[in-house]
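Heads up, the thing below is written out as structure tokens.
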Amino acid sequence: MNWISISKREDLPKNREGVIRAAAVVLSIVCAGIVIWILGYNPIQVFPSMVTGALGSEIRLQQTILKAIPLIVTSLGILVAFKMKFWNIGGEGQILMGALAASYIALNVDGLPKPVMLLLMAIAAMVAGGIWAFIPAFFKAKMGVNETIFTLMLNYIAIKYVTYLQYGPWKAPESKGFPKVANFEQNAIMPELFGIHIGWIIALVCVVVVYIFINHTKKGFEITVVGESRETARYAGMNISSIIIIAMLISGGLCGLTGMIQASAVEKTLSVNLSAGYGFTAIITAWLSRLSAIAVLFVCIAFAILLQGGTYIQISMQIPASVADMIQGIILFFVLGSEFFLQYRVNLPLWNQKVKEVA
Amino acid sequence: MGQPLKAIEMKGISKAFGSVKANEDVELTVYNGEVHALLGENGAGKSTLVNMLSGIYHQDSGTVRVNGNEVRFSSPKDSIAIGIGMIHQHFKLVDVLTAKENILLGRSSGLFRNSKQLTKEIRAISDRYGLDVDPDKKVYNMSVGEKQTLEIIKVLYRGARILILDEPTAVLTPQEIKRLFRIIRNMKEQGCAVVIITHKLNEVMEISDRITVLRRGRTIGTVDTDKVQVGSLIEMMVGKKVDLAIRKEPPAQPMRPLLEVDNLHVVGHDRKSALADISFTLHEGEILGVAGVAGSGQKEICETIAGLTKAEKGRIFFDGDNIIGKTPREIIRLGIRMGFIPEDRLGMGLVGSMDIVHNLILKDYQNQPGIFLKRGPCAEKATAIVRRLDINTPNIYYPVKKLSGGNIQKVLLGREIDSDPRVLITAYPVRGLDIGASYKIYDLLNEQKSRGAGVLFIGEDLDVLMDLCDRIMVFCVGRVSGIVDPSKVTKEEIGLMMTGGKEDAAHELDQHQ
């Protein structure tokens with residue numbers, strides 16, 4: 003008799019699903035706690051301070067939301083591509099190209115009123131991000147080139163190009179040799195509302211728009227069908243090439259918008275570090291949301307709490323950054339791992355037998 | 059000889075996959091020197107049962123005895139070692155190797171092997187059972203029948219005395235089937251036990267000595283073939299009486315041409331010619347059958363008419379308009395009502411993870427105005443189709459891939475006939491369906507015919523083709539070898555046309571004996 007057997011679950015009742023997810027969270031906290039304890043810190047102090055570090059005061063809460071905004075917008079972009087099973091790993095590059103285009107406008111166009119300026123920057127950023135995504139989409143649609151490698155490699159081109167600009171042609175003369183692009187003028191910086199830049203409004207609007215686009219438009223339906231089965235899409239008379247390209251323009255456009263938000267509101271200039279890994283993190287959050295736009299909102303906020311809490315314990319408890327990263331990694335491992343148990347049932351026949359014999 | 063030896067004795071076998079009980083308390087006894095048919099509808103648990111015999115699965119409970127000794131298989135190797143040989147429906151051969159090399163594969167006895175000695179051994183086995191395969195022929199040069207023969211030699215060479223054949227006739231022409239049955243009879247005379255899985259009743263009656271019927275994972279009973287009627291077998295399989303006559307009414311008169319295919323040439327994916335010089339006319343109110351060995355161009359003709367495959371040259375007239383080179387979108391936009399049931403239902407015709415409503419939208423949304431998707435009309439349509447075709451589903455928002463094969467096909471067919479198509483192309487519409495569902499599909503096709511639609515019916519069971527169709531077009535390697543009236547030809551004649559009218563090995567063998 004096999005000692006283990008794994009079978010696919012047919013249907014999972016909602017309460018069982020809740021139990022499995024909760025168990026994953028509890029286990030991850032226990033495991034992370036053991037690691038923290040081995041490293042000589044007190045887990046009973048660390049975890050609460052992660053929570054208070056992310057939510058405990060107005061400033062900390064603002065910091066958390068600041069981290070959630072780029073994550074939400076980027077995740078939505080990734081979601082549109084993933085819905086089509088187009089593995090867009092190029093979020094980083096698309097964010098940077100968007101930031102680059104927005105910065106070009108900010109640094110070279112003078113005398114526009116703030117709303118016009120910001121709108122122009124946003125459009126430029128979305129176009130640039132879209133183009134950066136269009137390149138692999140075109141080759142995928144016309145020649146079947148593997149998009150995973152293609153989008154990944156485009157990241158490095160974007161990163162190196164922005165680095166070149168930052169260290170070379172775009173280096174501000176007044177920075178005294180420090181590799182830094184000039185700060186934006188006031189009219190290129192996003193206004194604030196309730197103490198946080200208006201990116202949070204943009205993020206909320208994007209959630210609603212992407213939700214409607216995917217679930218209630220013909221194009222969104224086409225994207226979903228292409229993702230499920232290309233043959234069916236072909237059978238239904240869909241123009242697959244154009245669907246791939248349109249979806250990727252949207253995907254890259256949203257990532258580019260993230261770049262504009264970060265450049266305008268957070269960095270207030272162009273910097274190679276402004277993407278901060280959001281392009282990759284968004285892949286995880288998009289998956290955890292099961293490609294649902296509404297879920298993206300909550301998953302990204304939860305993730306931002308984790309990020310902000312990690313940053314806080316570094317400062318407040320002198321815990322090294324790598325330990326904070328480990329805690330994040332462990333929590334992610336369990337949450338992602340629980341997906342397996344949600345989809346498959348694991349039986350241990352020998353174990354069950356023994357239990358019966360004992361009883 | 060008295061009571062013959064029990065080759066296989068399976069008792070109380072149960073096997074579950076997740077919550078699905080594939081086998082429950084199944085009994086099967088096969089004697090040496092008998093041909094035992096395992097009969098049942100799709101999903102009755104036949105394959106699960108024999109996969110346990112061949113060591114692929116392991117039963118949850120129950121015992122298996124081979125030649126009187128209880129056995130426990132932990133892998134297919136154990137099963138082969140004890141003398142059980144399984145011939146799968148999909149052959150497990152390496153195309154670029156010769157027959158001999160395929161037989162040697164997986165035999166780890168020694169580094170080198172005396173090739174001449176092996177040829178001799180193969181010849182000995184071949185002569186003994188009346189098998190005929192050239193040991194040095196490459197597999198890719200072989201016909202389906204030859205490949206199957208090679209599979210049989212392979213398991214016999216490994217010492218099998220118990221043979222299990224899973225749906226062995228599904229891909230064969232009538233001539234090849236005759237030859238296979240002759241081989242099976244030879245093996246029986248040599249004292250082998252043969253288990254044959256099939257759902258074709260006439261073959262069961264012809265070849266088997268005893269029949270075990272399974273239904274929904276349970277043994278319904280074992281009967282002697284010469285003491286049973288086809289009708290009661292069906293009752294055992296289905297659980298109720300089924301009328302097995304396909305009604306056929308004469309086609310509409312006069313025959314108005316609807317779809318005219320003229321000198322069509324299509325190049326396949328491998329850059330080889332897939333269809334050459336195809337010309338035929340489909341009339342209003344008729345069912346035109348297409349017969350042929352699998353892969354003779356059936357898929358290509360369907361997809362070319364539907365606009366999915368580009369033609370090299372040729373013309374296709376729909377009601378007088380040339381539609382060649384039009385994409386499916388253009389065909390829909392032209393207002394041409396064409397229904398297409400592709401061979402691969404979930405891979406092409408439907409989106410498995412979507413519900414019935416969204417699968418209806420698939421064909422409908424392009425005609426909707428605006429950028430938003432309207433679900434309302436399709437939800438009503440879904441409810442109507444579910445009721446009309448008697449689709450067994452919890453509700454219209456249930457993913458279609460979770461439905462049974464018959465219900466999936468009804469969703470697809472329901473969608474395609476919903477627009478009252480003038481041409482309906484159906485590729486293997488009853489493949490994998492149980493008897494009840496198959497007859498429901500035949501009825502629906504007949505309904506379309508009497509409504510005046512032209513139906514192109516790609517089939518694999520010649521009996522069904524002859525009962526259902528008004529005319530049968532026979533394909534042979536991408537060409538039409540003839541269009542015949544089924545009331546005027548025999549199955550064997552169609553079989554000959556399928557293989558290009560060549561006197562094949564089966565006939566040569568006839569003369570030998």
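Top to bottom, those sequences are chains A and B. Residue 3 is where the first sequence starts when you use the working numbering, and the numbers rise one by one after that. Residue 59 is where the second sequence starts when you use the working numbering, and the numbers rise one by one after that. No residue lacks a Cβ here, since even glycine has one placed at the ideal position from N, Cα and C.
Considering Cα atoms alone, identify which of the options is closest to residue i.
i, options, result
"K549(B)", "E505(B), D284(B), A349(B), R123(B)", "A349(B)"
"Q233(B)", "D194(B), I220(B), E247(B), E204(B)", "E204(B)"
"P50(A)", "Q345(A), M240(A), L308(A), G132(A)", "L308(A)"
"G428(B)", "S244(A), K221(A), E269(A)", "K221(A)"
"R621(B)", "K285(B), V296(B), K178(B), D267(B)", "Given a span of 59 to 571 for chain B in the structure shown, any question on residue 621(B) remains unanswerable."
"L471(B)", "K421(B), N100(B), P134(B)", "K421(B)"
"V286(B)", "R305(B), I304(B), R273(B), E264(B)", "E264(B)"
"I46(A)", "A34(A), L57(A), A56(A)", "A34(A)"
"R240(B)", "A228(B), D190(B), L491(B)", "D190(B)"
"W89(A)", "D112(A), M52(A), A124(A), V147(A)", "V147(A)"
"L15(B)", "I142(B), I390(B), A95(B), L221(B)", "No answer is possible for residue 15(B): the residues shown for chain B start at 59 and end at 571."
"N321(B)", "D478(B), R489(B), M110(B), A369(B)", "A369(B)"
"D224(B)", "S132(B), S112(B), I211(B), F398(B)", "S112(B)"
Check residue i in the structure and name its three-state DSSP category.
i, result
"H570(B)", "Its pLDDT being 41, under 50, H570(B) is placed unreliably in this model, and the value from its coordinates should be taken loosely. H570(B) falls in the helix class under three-state DSSP."
"D284(B)", "helix"
"K178(A)", "coil"
"S331(B)", "strand"
"F45(A)", "Checking the sequence shown, residue 45(A) turns out to be Pro, not Phe. Reduced to three states, the DSSP call for P45(A) is helix."
"N321(B)", "strand"
"H341(B)", "strand"
"Y346(A)", "strand"
"T277(B)", "strand"
"G540(B)", "strand"
"L57(A)", "helix"
"G339(A)", "helix"
"E67(B)", "strand"
"A323(A)", "helix"
"G464(B)", "helix"
Can you give the Cα-Cα distance for residue i and residue j, rounded to whole angstroms?
i, j, result
"A364(B)", "V538(B)", "19 Å"
"V325(A)", "I38(A)", "8 Å"
"G464(B)", "F223(A)", "26 Å"
"V129(B)", "R123(B)", "6 Å"
"M99(A)", "Y158(A)", "11 Å"
"Y280(A)", "E94(A)", "7 Å"
"S354(B)", "V154(B)", "21 Å"
"K105(B)", "T87(B)", "The sequence given here places Ser at residue 105(B); Lys does not occur at that position. Answer to the nearest angstrom: the Cα atoms are 16 Å apart."
"S266(A)", "A127(A)", "11 Å"
"G188(B)", "R237(B)", "9 Å"
"V575(B)", "L461(B)", "For chain B, the structure presents residues 59 to 571; residue 575(B) sits outside this window and is missing."
"L523(B)", "K258(B)", "14 Å"
"V513(B)", "K384(B)", "20 Å"
"F338(B)", "I530(B)", "11 Å"
"C250(B)", "D267(B)", "13 Å"
"G326(B)", "I242(A)", "20 Å"
"V469(B)", "D185(B)", "51 Å"
"G393(B)", "R292(A)", "38 Å"
"G254(A)", "P117(A)", "23 Å"
"E194(A)", "I200(A)", "5 Å"
Which residues in chain D have a C-beta closer than 8 Å to the C-beta of residue i? List them in chain order.
i, result
"D402(B)", "Any reference to chain D falls outside this structure, whose protein chains are A and B."
Tell me, please, which residues DSSP counts as bridged to residue i.
i, result
"L221(B)", "G143(B), V252(B)"
"P315(B)", "H341(B)"
"I374(B)", "V319(B)"
"V488(B)", "Beta-bridge pairing links V488(B) to no other residue."
"G79(A)", "None; G79(A) has no bridge partner."
"T270(B)", "L96(B), T280(B)"
"G512(B)", "V481(B)"
ask   = Which full runs of the beta strand (DSSP E) of 3+ residues lie inside the stretch 72 to 114 of chain B, going along the chain?
value = 78 to 89, 93 to 97
inquiry  = Which complete alpha helix (DSSP H) runs does the stretch 194 to 278 of chain A hold, if anything under 4 residues is left out?
reply    = 201 to 218, 220 to 230, 232 to 237, 242 to 263
key: Contiguous alpha helix (DSSP H) assignments of at least 4 residues, all confined to the stretch 119 to 204 of chain B   = Within the stretch 119 to 204 of chain B, the complete alpha helix (DSSP H) runs of at least 4 residues are 134 to 139, 157 to 162, 173 to 187.
inquiry  = Extract the residue ranges of the alpha helix (DSSP H) inside the stretch 105 to 153 of chain A, only unbroken runs of 4 or more that lie entirely within it.
reply    = 116 to 145
task = Kindly provide the ranges of any beta strand (DSSP E) runs that are 3 or more residues long and lie completely inside the stretch 363 to 428 of chain B, ordered along the chain.
result = 371 to 376, 396 to 399
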